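In my numbering, the protein residues as written are 105 to 374.
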């Protein structure tokens, strides 16, 4: 039975794993050996002192210079990369990736285009999928990423217009909620009467009974359902009285703020 586990093929694999996963630890050990060799300065037979000095210098200055070299290479590598920000609105997380220019040029865009940010030096996407087996990048950008300011204003006006219509439809349907049961009985009665009258006269059923009854109920609801609803100013006054906000003149403020302002500017005319 082998003394090593199935994960590693030998002590060489173990040492390689330690050096790869614990780079700072390995550099610290080498630096400590260099300090010990410099302070101890052992005298070994048949080994010239210059050799010990060179070895101590390598152990002392090698790890810091190696770390500085690796950091510089990474910085130079990131400068030519394209920063891509992955925005996940579901989990409210943001991740930053550095993509090679060649990979970014050959990417696959599903849906809207990536949004250009940071004065054109980076991109923002909603989905970022890198497939290792095919070495392809699939991204999904943000809607309205290519619209100009004038088009955004137009889209905003359209959305506001649609929103007002939807609010009106919602209020009208909400007023009819309480009359649905009664209206169903009225529609059934009108349909039976219309069918009977059409059969007696030998005519076709006009098929507008439901529409007429629904429009009649809606008009009746709009006329009678607003009696108990106060104006928006009434809601503002109630809210101001409840929270102690003064709205008679000037911007909204609490009664304490109004008293302080009156004391500083010499009072306020009522």
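Beta carbons are placed, not taken as given, at the ideal position from N, Cα and C, and that holds for glycine. Note that the coordinates shown come from a computational prediction; the quantities given were computed from them, not determined experimentally.
query	result
So does the region 213-229 actually touch the region 189-200, counting three or more Cβ pairs closer than 8 Å?	yes
Might you give, ordered along the chain, the residues of its own chain that have their beta carbon closer than 7 Å to the beta carbon of residue 233, omitting 5 neighbours on each side?	242
Should residue 122 be counted as a contact of the ligand NAP given a C-beta to heavy atom distance under 8 Å?	What this structure holds is no ligand at all, so the ligand NAP is not there to describe.
Quick one: complete alpha helix (DSSP H) runs, 4+ long, within the region 179-215?	205-209
Please report the straight-line C-alpha distance between residue 158 and residue 114, rounded to a whole angstrom.	32 Å
Give the straight-line distance between the Cα atoms of residue 121 and residue 193, rounded to the nearest whole angstrom.	37 Å
Flag this pair as touching only if the region 165-174 and the region 128-138 have three or more C-beta atom pairs under 8 Å; answer yes or no.	yes
Thinking C-alpha only, which one of 207, 235, 187 and 294 is nearest residue 222?	187
My guess is that residue 244 and residue 210 are in contact by the Cβ rule of under 8 Å, so how many angstroms apart are they, rounded?	Rounded, the Cβ-Cβ distance is 16 Å, inconsistent with contact.
If you count every other CB in all the chains shown that lies within 10 Å of the CB of residue 205, and 16 or more means buried, which is it?	exposed
Tell me residue 267's beta-bridge partners as DSSP assigns them.	Its beta-bridge partners do not exist; DSSP assigns none.
Express the C-alpha separation of residue 218 and residue 420 in angstroms, rounding to a whole number.	Because the chain is modelled from 105 through 374, residue 420 falls outside the range shown and cannot be assessed.
Please state the DSSP three-state secondary structure of residue 238.	coil
Do you know how far the Cα of residue 299 is from the Cα of residue 257?	53 Å
DSSP on residue 333, reduced to helix/strand/coil?	Because the pLDDT at residue 333 is just 48, under 50, the model does not fix this residue reliably, and the value given afterwards should be weighed accordingly. Note: residue 333 maps to coil in three-state DSSP.
Report the partner residues of residue 244 according to the DSSP bridge assignment.	231
Residue 378 by DSSP, collapsed to three states: which one?	For residue 378 there is no data in the structure shown, the boundaries of the chain being 105 and 374.
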